[in-house]
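2 protein chains.
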Amino acid sequence: MPRIFKQADDELLLRKRHSLSHVLAQVVLEFWPEAQLGIGPPTKDGFYYDFLLPVSLTDRDLKAIETRMREIVKQGYRFSSRVISIEEGKQLFKNQKFKLELIELISSGKLDENASVEQGAVDKLLIYQHSSFIDLCRGPHVESLSEIDENSFCLTKVAGAYWRGDETREMLQRIYGYAFHTQEDLANYVQKIEDAKKYDHKVLGQSLKFFSVCENVGPGLILWLPKGALVRYLIEEKIRQRLFGHGYRFIHTPHIGKSILWETSGHLDNYKENMFPEMIVENDSYFLKPMNCPFHIEIFRTLVQSYRDLPLRLAEFGSVYRYERSGTLHGLTRVRGLTQDDGHIFCSVEQIKSEICSVLNLIIDLLKEFNFNNPQFYLSTRPKDFSVGSDEIWQTSEQSLIDALDDLNLNYYVEEGGGAFYGPKIDVKVSDCFDREWQISTVQLDFNLPVRFGISYTDSDGKKKHPIMIHRALLGSLERFFGLLLENYKGELPFWLSPEQIRLVTVSDKFNQFALELQGKLCPKFRVSIDASAERLSAKIRDAELERVPAIITIGKKEIEERVFPVRLRQTSELKFIKEDELISYFSSFLHN
Amino acid sequence: MPRIFKQADDELLLRKRHSLSHVLAQVVLEFWPEAQLGIGPPTKDGFYYDFLLPVSLTDRDLKAIETRMREIVKQGYRFSSRVISIEEGKQLFKNQKFKLELIELISSGKLDENASVEQGAVDKLLIYQHSSFIDLCRGPHVESLSEIDENSFCLTKVAGAYWRGDETREMLQRIYGYAFHTQEDLANYVQKIEDAKKYDHKVLGQSLKFFSVCENVGPGLILWLPKGALVRYLIEEKIRQRLFGHGYRFIHTPHIGKSILWETSGHLDNYKENMFPEMIVENDSYFLKPMNCPFHIEIFRTLVQSYRDLPLRLAEFGSVYRYERSGTLHGLTRVRGLTQDDGHIFCSVEQIKSEICSVLNLIIDLLKEFNFNNPQFYLSTRPKDFSVGSDEIWQTSEQSLIDALDDLNLNYYVEEGGGAFYGPKIDVKVSDCFDREWQISTVQLDFNLPVRFGISYTDSDGKKKHPIMIHRALLGSLERFFGLLLENYKGELPFWLSPEQIRLVTVSDKFNQFALELQGKLCPKFRVSIDASAERLSAKIRDAELERVPAIITIGKKEIEERVFPVRLRQTSELKFIKEDELISYFSSFLHN
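Protein chains in written order, with my numbering: chain H, 172 to 764; chain D, 172 to 764.
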């Protein structure tokens, strides 16, 4: 019986982090009484608070703030909350213009979730107080600061952040901190962050020549260099093999389409600011695609008439383009052009469960190939306020997702009401070797697009019905997944994913001919290159190691005479002596682990 | 010693066709004396002439014109030419406004080659006369119409054509005709055209569900349906295998890039009307790529420092977007979005010959895979009027191309002065089963872009040098090549290219389980499906035939007991009985022909 977690996070830790953000604000107000306070929520590894300040904060300031925070924490102040009227709130925060703005938004019911204050509240406000500091806040907090270890947190950096994420508004200074239960947890986390920085995929990707980004092409647009493109191809082929086995059919669709597609899908209403600008051609308006869905729906129209044609499973390595502000772009993980291992399943309500089972199995198998053996599953259910589709369809499909998770005996978290308005979903996350969590796969049911696009099939009872549409991406985007792989493998790709698997290094020119022959024997099965340069042997081996070639074979007089070759294995630092006629079976063993 | 043809076409046939276009104009003037004459050149299968007429021509008109043309041809009038002054010309054609416009253009030296009149002429005009008809014309013509068999030609259709191809000018009526040496040649050609129409890739592509184009996505934007996408994948894999063997390195580049790329390449100066409109993002101007070259050049910068890094052979299945007027779009052969099997070789001058040899070998081998066993080679040399690059580099590189063709013992045509201003090239054409010629591959040397983009390498003498850039596409665009394949195979793709290779057809439900087991045995190697529907056997076989499945295996009681299976081969209409344990080796034989 699978374990169901109601809440994904460590509730107590969130309270501690949130409370520390209040302490941070308290100290900043002590130091700069004219400071204007923004918001200060907990984060995945700590907390932050935004401030409009008369000074630019320095590292020395951070240190001083942190020291004062520790003193306050040691005082063990209690937190208390109180409901007040709008008028009282306006009086209380009369010198805090951002808080007044929030009160205005709250009272008119317009506040979005970014501000971390309860939505929909209209005539009452919640405030929290500890010591002399009062904040407009929905909580929750610790009962008392004595619950917090004064050495379990630290401030990390200051960064600019627009008020309410709006680039037309004031630029505030956001102070970040880490916070954990214990000093040891904090130290471990800091150590992992330091380790992770060493293996930043941007650095590895450039030094190993996997990819590049260049000014002339544009920010966030990735040039996949030969080695990176080869790894990408290997990943694609791995996915392709698996998908064939699961009854998927690959398609190719264009990178642009008429605006009618995006009007119908709702993207032009809700997503336009993330789309590249319109292109007008012969009086028609075109857009670069931010999603593949509308194209797959058009293909559904061509291929499906009756229930006998279902389920239809379409897959595409679809390159999409999304506008992100250049300041937010980051290596391969936040880009403007990305290729999704995208797919859509069109099926009947009755087929949902078996399709979800199949997709989950696919995801689990595929992630294992990349050494992610412990994926976490998150089920998001019907949102409370607004959704499309009947009660019946929501209930049936949520139950189908639960049944699928149960059938596969998977533990999962439930995010009640966390689904999109058009259907429930399952998210899949993995943790990397630095304990960072990455959202990878999504399996999203959609009751909306089939209706908006008016696609249907004739059911066995002769009635026209809308199919259920399942959007699913296995690895998300190839760019982001490759970035994750590079960091998780610390640049040491496993043998099967290495663009160059074996390098033959000759002791001198005389053995180059033999190296060519050996390459010919190994080549159909492995990716083998020869270093026949005039460099010294040690320099050649060093080059191969720097380029992260997993296996290096030295070739000299003795080796050729004895037909036994020294094989250096980078990842285990072993030196093995392998007979010539056993080389193929030896290396083959690396392909099946 | 290879044969070199100075002129690619049958000179006499061109003269006949050109002469028939004059006869056509003569008849139209007889019938409608107020007719305004455009131009009338020979074509690949006949001739045409453009007219501004007071009536819309009907099929009946065409028949009457054709009949009158035969009478005139039978008269055997002689052609004579004469040089006249501009003034005389203006007098002679005073009632023909288009001819007067041509004379104006000729006399000011502005005429482009579309008008089929000699360029650069400024004070003299050439006219040709037969019977009473005189035309402004550079010739050549037959000596006398008695050389033409009166039954060797026919008129085929009327279509609209703008004067001088300019859509802001008058729309003329263009009358087309076929013409050959003999009535038999004509009949054969007409038969082939009829045959070819039956196998139009647009019809086949739709009925076999290989691809579709839909209004909502936009004209000229191809949706590759599952079966077509699978064939495309097989073609790509075939190319990929070959290219790995030839030392190419695959890359992936974005579909958009900043305008600086297209300013530097010269596309914004010379090709802008064929590019999709600009997109402005954060004050930068972006364009959808019409070519991959600038991206490959940026990758050269990342990968090449010294002569030791050359040659660099980059390959990409690059999707590019080009604006074509919607009226000119046609199935897969003229589209707005296409994927090139693109590649660029960067090398030194000394490496040109061996690189060209390698590319030509690659092309010949690859075309053989698709049953094009007799490609034709066309060498285009330095244009007379304007070119970039030194005399030395032109001479060396033209000689390298010739040496490569000679080394491979290839016949080729020379188009003197037919090269681009930036380098000589070799075009490769094939003929399909309807004797239509298709331009497939291009190998284009480029002395220009490396200079414009300022890319260089350090040579062995320590000096910085610009590399030679070789643009080469093997099959051109995957869309167009697939269209050609569909027509050339008449919809019957060979076994290795068939999306579904084998269909198992069960006599009744009882044998479905066995079919599944057999599918399991054949599947790793072949693409096998099962028809387990409740249809009658004959209907199942008919369905498989309609879907052009090359091999159909029937499974019933007797077959299972005897372990011998009837295999129906579509393409040869054979029925073979194959033992169960020989099925794999039997079908394997189809993969190697």
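Backbone N, C-alpha and C fix where the C-beta goes; we use that ideal spot for every residue, glycine too.
Since the model is a prediction, treat every value here as computed from it, not as a measurement.
Report the residue from the options whose alpha carbon sits nearest the alpha carbon of residue i.
i, options, result
"Ile427(D)", "Glu407(D), Pro448(D), Asp221(D)", "Pro448(D)"
"Gln615(H)", "Leu375(H), Ile597(H), Ser525(H)", "Ile597(H)"
"Tyr593(H)", "Phe557(H), Leu200(H), Ile573(H), Leu579(H)", "Phe557(H)"
"Gly502(D)", "Gly654(D), Ser302(D), Val244(D), Val676(D)", "Gly654(D)"
"Phe548(H)", "Gly560(H), Glu540(H), Ser561(H), Leu531(H)", "Leu531(H)"
"Lys429(H)", "Leu396(D), Leu414(D), Leu392(D)", "Leu392(D)"
"Phe421(D)", "Ile673(D), Leu432(D), Glu408(D)", "Glu408(D)"
"Phe517(D)", "Thr504(D), Lys539(D), Leu485(D), Thr499(D)", "Leu485(D)"
"His515(D)", "Ile573(D), Phe618(D), Glu569(D)", "Phe618(D)"
"Val194(D)", "Asp232(D), Glu321(D), Ile243(D), Thr327(D)", "Ile243(D)"
"Trp203(D)", "Lys215(D), Thr214(D), Asp181(D), Ala235(D)", "Ala235(D)"
"Glu521(H)", "Asp320(H), Gln684(H), Ser631(H), Phe381(H)", "Ser631(H)"
"Phe652(D)", "Glu663(D), Ile364(D), Arg643(D), Ser612(D)", "Ser612(D)"
"Leu664(D)", "Glu526(D), Glu540(D), Asp455(D)", "Glu540(D)"
"Arg493(H)", "Lys369(H), Phe466(H), Arg607(H), Glu444(H)", "Glu444(H)"
"Glu182(H)", "Glu205(H), Lys215(H), Gln197(H)", "Lys215(H)"
"Leu394(D)", "Gly416(H), His467(H), Arg403(H)", "His467(H)"
"Ala196(H)", "Leu307(H), Arg472(H), Glu259(H)", "Leu307(H)"
"Lys696(D)", "Glu259(D), Ser760(D), Glu272(D), Asp232(D)", "Ser760(D)"
"Leu224(H)", "Ile564(H), Arg231(H), Val199(H)", "Val199(H)"
"Ala367(H)", "Leu657(H), Asp440(H), Gln742(H)", "Leu657(H)"
Note down, in chain order, each residue of its chain lying with its Cβ closer than 7 Å to the Cβ of residue i, except the 5 sequence neighbours on either side.
i, result
"Tyr628(D)", "Val475, Gln476, Ser477, Tyr478, Asp480, Leu481, Lys636, Pro638"
"Asn542(H)", "none"
"Ala823(H)", "Here chain H covers residues 172 to 764 and nothing more, so residue 823(H) does not appear."
"Phe269(D)", "Gln207, Leu208, Gly209, Trp334"
"Lys505(H)", "According to the sequence displayed, residue 505(H) carries Arg and not Lys. So the qualifying residues of the chain are Glu495, Thr499."
"Ala703(H)", "Thr677, Asn683, Ala686"
"Ile257(H)", "Ile274, Ser278, Asp294, Leu296"
"Leu401(D)", "Pro670"
In the DSSP output, what is residue i paired with across the bridge?
i, result
"Trp395(D)", "His423(H), Phe382(D)"
"Gly514(D)", "Ala486(D)"
"Gly217(D)", "Tyr349(D)"
"Pro390(H)", "Per DSSP, none; premise fails for Pro390(H)."
"Glu608(H)", "Ser602(H)"
"Lys369(H)", "Beta-bridge pairing links Lys369(H) to no other residue."
"Phe736(D)", "Ile749(D)"
"Leu307(H)", "Ile298(H)"
"Ser190(D)", "None, per the DSSP bridge assignment."
Just to check my reading of the structure: residue i and residue j have Cβ atoms closer than 8 Å, yes? What is that Cβ distance to the nearest angstrom?
i, j, result
"Lys398(D)", "Leu375(D)", "11 Å between Cβ atoms; not a contact."
"Ser323(D)", "Asp356(D)", "7 Å"
"Gly589(H)", "Lys555(H)", "Not really, about 10 Å apart at Cβ, beyond 8 Å."
"Arg413(H)", "Asp536(H)", "7 Å"
"Asp455(H)", "Gly310(D)", "Not really, about 45 Å apart at Cβ, beyond 8 Å."
"Ala575(H)", "Ile641(H)", "With a Cβ gap of about 11 Å, Ala575(H) and Ile641(H) do not count as contacting."
"Arg241(H)", "His301(H)", "Not really, about 15 Å apart at Cβ, beyond 8 Å."
With a threshold of 6 Å on Cβ separation, who are the neighbours of residue i within its own chain once the five nearest residues in sequence on each side are excluded?
i, result
"Tyr419(D)", "Arg484, Ala486"
"Thr345(D)", "With the sequence shown as reference, residue 345(D) is identified as Arg, and Thr is not the correct amino acid for it. Within the same chain, Arg345(D) has close Cβ partners Tyr219, Asp221, Ala330, Ala332."
"Ala715(D)", "Arg674, Ile723"
"Arg253(D)", "Ile298"
Leaving aside the five residues before and after residue i along the sequence, list all residues of the same chain whose C-beta is less than 8 Å from its C-beta, in chain order.
i, result
"Leu693(H)", "Ile673, Val699, Leu754, Ile755, Phe758"
"Ser317(D)", "Gly247"
"Ile305(D)", "Leu263, Ile298, Tyr299"
"His763(H)", "none"
Inset, instruction - Starting from the N-terminal side, write out each stretch of the beta strand (DSSP E) that is 3 residues or longer and does not extend beyond the segment 523–588 of chain H. - result: 547–551, 583–586
Inset, instruction - Jot down the residue ranges of each uninterrupted beta strand (DSSP E) in the segment 207–288 of chain H, minimum 3 residues, whole runs only, in chain order. - result: 217–223, 250–256
Inset, instruction - Just list the beta strand (DSSP E) runs in the segment 652–730 of chain H, keeping only unbroken ones of 3 residues or longer that don't cross its boundaries, in chain order. - result: 673–677, 699–702, 722–726
Inset, instruction - Entirely within the segment 413–478 of chain D and at least 3 residues each: give me those beta strand (DSSP E) ranges in chain order. - result: 427–429, 450–452, 455–459
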